[in-house]
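Working notes for the structure below.
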Amino acid sequence: MTAPVEFAPWADPDAEPLIRFQGVTKRFGTFTAIDDIDLDIYPREFFALLGPSGCGKTTLMRMLAGFETPSEGRIRLDGKDIAAVPPNKRATNMMFQSYALFPHLSVADNIAFGLRRDKLPKDAIRARTDEMLALVQLGPFAARKPHQISGGQRQRVALARALAKAPKLLLLDEPLGALDRKLREETQFELMDIQEKTGTTFVIVTHDQEEAMTVASRVAVMDHGKLIQVATPDSIYETPNSTYVADFIGDVNIIQGAVTPEDGDRYSIHWAEGEAPITATCADKLEIGTRVFFAIRPEKVAISTERPVDRGNAVRGRVLDIAYLGNISTYHVELPTGHVIKAQTANTRRIARRDYTWEDQLWLSWTDTAGVVLTR
Amino acid sequence: MDIRRIALILVPYLWLLALFLVPFLIVLKIALSDTALAIPPYTPTLDFGAGWAGLKAFFADLDIENFAFLTTDDLYWRAYLSSVKIAAISTLLTLIVGYPFAYAMARADETWRPTLLMLVILPFWTSFLIRVYSWMGILSQEGYLNQLLLWTGLISEPLTILNTNWAVYIGIVYTYLPFMVLPIYATLERMDVSLLEAAEDLGCSKISAFWLITVPLSKAGIIAGSFLVFIPTIGEFVIPSLLGGSRTLMIGKVLWEEFFSNRDWPVASAVAVILLLILVIPIILFQRNEQKQREAEG
Numbered sequence: 000m001t002a003p004v005e006f007a008p009w010a011d012p013d014a015e016p017l018i019r020f021q022g023v024t025k026r027f028g029t030f031t032a033i034d035d036i037d038l039d040i041y042p043r044e045f046f047a048l049l050g051p052s053g054c055g056k057t058t059l060m061r062m063l064a065g066f067e068t069p070s071e072g073r074i075r076l077d078g079k080d081i082a083a084v085p086p087n088k089r090a091t092n093m094m095f096q097s098y099a100l101f102p103h104l105s106v107a108d109n110i111a112f113g114l115r116r117d118k119l120p121k122d123a124i125r126a127r128t129d130e131m132l133a134l135v136q137l138g139p140f141a142a143r144k145p146h147q148i149s150g151g152q153r154q155r156v157a158l159a160r161a162l163a164k165a166p167k168l169l170l171l172d173e174p175l176g177a178l179d180r181k182l183r184e185e186t187q188f189e190l191m192d193i194q195e196k197t198g199t200t201f202v203i204v205t206h207d208q209e210e211a212m213t214v215a216s217r218v219a220v221m222d223h224g225k226l227i228q229v230a231t232p233d234s235i236y237e238t239p240n241s242t243y244v245a246d247f248i249g250d251v252n253i254i255q256g257a258v259t260p261e262d263g264d265r266y267s268i269h270w271a272e273g274e275a276p277i278t279a280t281c282a283d284k285l286e287i288g289t290r291v292f293f294a295i296r297p298e299k300v301a302i303s304t305e306r307p308v309d310r311g312n313a314v315r316g317r318v319l320d321i322a323y324l325g326n327i328s329t330y331h332v333e334l335p336t337g338h339v340i341k342a343q344t345a346n347t348r349r350i351a352r353r354d355y356t357w358e359d360q361l362w363l364s365w366t367d368t369a370g371v372v373l374t375r
Numbered sequence: 000m001d002i003r004r005i006a007l008i009l010v011p012y013l014w015l016l017a018l019f020l021v022p023f024l025i026v027l028k029i030a031l032s033d034t035a036l037a038i039p040p041y042t043p044t045l046d047f048g049a050g051w052a053g054l055k056a057f058f059a060d061l062d063i064e065n066f067a068f069l070t071t072d073d074l075y076w077r078a079y080l081s082s083v084k085i086a087a088i089s090t091l092l093t094l095i096v097g098y099p100f101a102y103a104m105a106r107a108d109e110t111w112r113p114t115l116l117m118l119v120i121l122p123f124w125t126s127f128l129i130r131v132y133s134w135m136g137i138l139s140q141e142g143y144l145n146q147l148l149l150w151t152g153l154i155s156e157p158l159t160i161l162n163t164n165w166a167v168y169i170g171i172v173y174t175y176l177p178f179m180v181l182p183i184y185a186t187l188e189r190m191d192v193s194l195l196e197a198a199e200d201l202g203c204s205k206i207s208a209f210w211l212i213t214v215p216l217s218k219a220g221i222i223a224g225s226f227l228v229f230i231p232t233i234g235e236f237v238i239p240s241l242l243g244g245s246r247t248l249m250i251g252k253v254l255w256e257e258f259f260s261n262r263d264w265p266v267a268s269a270v271a272v273i274l275l276l277i278l279v280i281p282i283i284l285f286q287r288n289e290q291k292q293r294e295a296e297g
């Protein structure tokens, strides 16, 4: 039996990217929306562009669709420069944030719209439309108008319409933004399923980090028109390259300090007068005295009433606040130095039998490898 | 139903009763009367002093011979037909001129839209008659238009525009343009522009996206604007009588002549009643369009 081959074309130097951004800059007047971006996206990837609003992620997507042209640099699709190709001649299709369903056309006519523009024979259009309706399970609603179906169904019509022409690249602009949480989670899995079934390359724009983490094979975190980090969801979460990424994805405690190298890749971080330094590992070589940020996720900080003996780092503090989220609780613990550290535990016992409460003194602890050392 | 709601509904109904139904009944009554050399120039007149017998005699004197008369002279049905034709052509011309206006306004920068909207309405601030008279100055043989065309060398002889149907069309298109522009603008302005991007993304050129998306979505505005131009144009009197020639045949002019030149009030009233009946059809269609649009918006 062979192990399943991991899908990681970005790690393969021989892999041909489907999309290649080369030094792409986009300016609107004096405002730089995209600032000198290089990026490769590979066939069959589910690629997420993640960032706060105004970070340039939508502009990047609109350049792929052909609605914006780069001010500088080149965008290649399948090796060909697509700057001069208008949107209606590109092998890309887009699913709009507002869905942009044609209100005067039925669900089936919306899906068939792109096929009709290609002057396909009638029965071919019909067959493909039926196939798409089946894919998104909307067969019984084919004759309805967009205003006669629910928001979730409209979202699926928009997806089917964008997929109908079998594009090389499907662009999704905040596709699930208008759905409520439960439906959004279901639809995320449906999207992944459809992406796998059709083998289409998906590029999704979102500001929802959970969504990006769930669906994407790789995530690009953007800020102010620049790519901050491009990596798989787990490495974005576990090894962010900057405090910006660490802070943007999930919850994080950040402690500033100065490093002293120890043996191997271990460093001590002096973070407060009179407190024992934090021990952490870092793959990079750091000079003595370098200012660093130590970032650690709340769920990697353990809570105990006694000082643990088996963990490299332990600090004492007082419970300031408890956020009860049902399945987990987040404890905000204030250290004597004034730092507030968040620690998360799973609520495996009923709330009445909780071990810690407000004002309790307790120990926070973590291992040497639990956090990451960041220089920016 | 409580009394306040009844009172609320009653107000528009009383308004309609006093200002539409009562005048209509008066006109209908005159149409059923006979012409007479008297003041007012028709008989019978209702004499309440004669009591029940007088009322009976009054109704016995009413007949439909004026309506019968309208069918004997082909002037009338030709005037009706010609009015409908002129109204239809003018509506089409207004649509052709007005749609680009509405489109440009709806696609203009948002800060500009109130200004553009005001510019469309602005001509209404001056008297309609003055504006029609100034068109006479523009369109006449020695008018500004001919002077301009002669000066540019496009023509060597002045064009005869005034007192032709062309002048009537120009006058109507000019006067009724806002009624076409505003409803179309309202539908275009509401349209989500990402629909056009979606159409382009799915393989439409800009022109076919316009025909396949913009035009169908502004259909309600086109229909509303067309009726708003068509309905009043059928009975239009001032524009054809000032700008049109002796050969411009419109029912409004016929009506005016019957009333004031011939002093034949009964026949004139009959003409007016038939005109109203003709207008009922497009008015019902217009109402149905409005209702359908409201339903579509849900």
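In order, the protein sequence lines correspond to chains A and X. For the first sequence, numbering that gives the first Met the number 0 begins at 0 and goes up steadily by one. For the second sequence, numbering that gives the first Met the number 0 begins at 0 and goes up steadily by one. Even for Gly, the Cβ is constructed at its ideal location relative to N, Cα and C.
Rounded to a whole number of angstroms, what is the C-alpha to C-alpha distance between residue i and residue j?
i       : j       : result
I18(A)  : R75(A)  : 6 Å
L134(A) : S82(X)  : 57 Å
I266(A) : G113(A) : Before going on, a small fix: residue 266(A) reads as Tyr here, not Ile. Cα to Cα, the separation comes out at about 59 Å.
I254(A) : R296(A) : 12 Å
A6(X)   : W124(X) : 35 Å
N65(X)  : D72(X)  : 11 Å
G249(A) : S204(X) : 43 Å
Y184(X) : G150(A) : 28 Å
F58(X)  : I120(X) : 48 Å
L9(X)   : I273(X) : 29 Å
W9(A)   : K291(X) : 55 Å
A90(A)  : R127(A) : 17 Å
S240(X) : N145(X) : 22 Å
L45(X)  : M117(X) : 50 Å
M62(A)  : P335(A) : 52 Å
I88(X)  : P85(A)  : 39 Å
E298(A) : K341(A) : 8 Å
G170(X) : R130(X) : 9 Å
K56(A)  : M93(A)  : 14 Å
I203(A) : I40(A)  : 12 Å
L61(X)  : P40(X)  : 15 Å
Please report whether the beta-carbon of residue i lies at a distance below 7 Å from any beta-carbon of chain A.
i       : result
G202(X) : yes
A223(X) : no
A197(X) : yes
S217(X) : no
L194(X) : yes
Counting only C-beta atoms, is residue i closer than 7 Å to chain X at any point?
i       : result
G176(A) : no
G113(A) : yes
R116(A) : yes
F293(A) : no
A64(A)  : yes
Segments of 3+ residues assigned as beta strand (DSSP E) that fall wholly inside the segment 179 to 221 of chain A: 200 to 205
With 9 Å as the limit, tell me which residues of the segment 97 to 109 of chain A have their beta carbon closer than that to any beta carbon of chain X; keep them in chain order. S97, Y98, A99, L100, F101, P102, H103, L104
Anything in the segment 76 to 100 of chain A with a Cβ closer than 7 Å to a Cβ of chain X? List those residues in chain order, please. P86, N87, N92, M93, F95, S97, A99
Assess, as a yes-or-no matter, whether the segment 161 to 170 of chain X is touched by the segment 208 to 227 of chain X under the definition of 3 or more beta carbon pairs within less than 8 Å. no
For the segment 23 to 33 of chain X and the segment 263 to 278 of chain X, state whether three or more C-beta atom pairs, one from each stretch, are separated by less than 8 Å. yes
Which residues of the segment 179 to 192 of chain X have a Cβ closer than 8 Å to any Cβ of chain A? Give them in chain order. Within the segment 179 to 192 of chain X, D191 place their CB atoms closer than 8 Å to a CB of chain A, listed in sequence order.
Pairs of beta-carbons, one from the segment 202 to 216 of chain A and one from the segment 133 to 151 of chain A, closer than 8 Å: are there three or more? no
Is the segment 328 to 341 of chain A touching the segment 287 to 294 of chain A in the sense that three or more CB pairs, one from each, lie closer than 8 Å? no
Is it a yes or a no for the segment 248 to 263 of chain X touching the segment 226 to 236 of chain X, going by three-plus beta-carbon pairs under 8 Å? yes
Would you call the segment 99 to 116 of chain X and the segment 179 to 195 of chain X in contact, with 3 or more CB pairs under 8 Å? yes
Going along the chain, which residues of the segment 87 to 107 of chain X sit with their C-beta nearer than 7 Å to a C-beta in chain A? none
Three CB pairs or more closer than 8 Å across the segment 152 to 159 of chain X and the segment 78 to 98 of chain X: no
So, does the segment 217 to 236 of chain A touch the segment 40 to 60 of chain A, judging by three or more C-beta pairs under 8 Å? yes
Enumerate, from N- to C-terminal direction, the unbroken alpha helix (DSSP H) stretches of 4 or more residues contained entirely within the segment 34 to 96 of chain A. 56 to 64
Could you say if the segment 23 to 30 of chain A and the segment 65 to 82 of chain A meet the contact criterion of at least three C-beta pairs nearer than 8 Å? yes
Could you tell me which whole alpha helix (DSSP H) segments of length 4 or greater appear in the segment 241 to 322 of chain A? For the segment 241 to 322 of chain A, whole alpha helix (DSSP H) runs of length 4 or above, ordered along the chain, are 242 to 247.
Does the segment 178 to 188 of chain A come close enough to the segment 136 to 148 of chain A to have 3 or more Cβ pairs within less than 8 Å? Taking a cut-off of 8 Å for Cβ pairs, the segment 178 to 188 of chain A and the segment 136 to 148 of chain A do not touch, as fewer than three such pairs fall below it.
Mind checking the segment 253 to 283 of chain X against chain A and listing, in chain order, the residues whose C-beta falls within less than 8 Å of any C-beta there? none
Give, in chain order, every unbroken run of the beta strand (DSSP E) that is at least 3 residues long and sits entirely within the segment 216 to 269 of chain X. none
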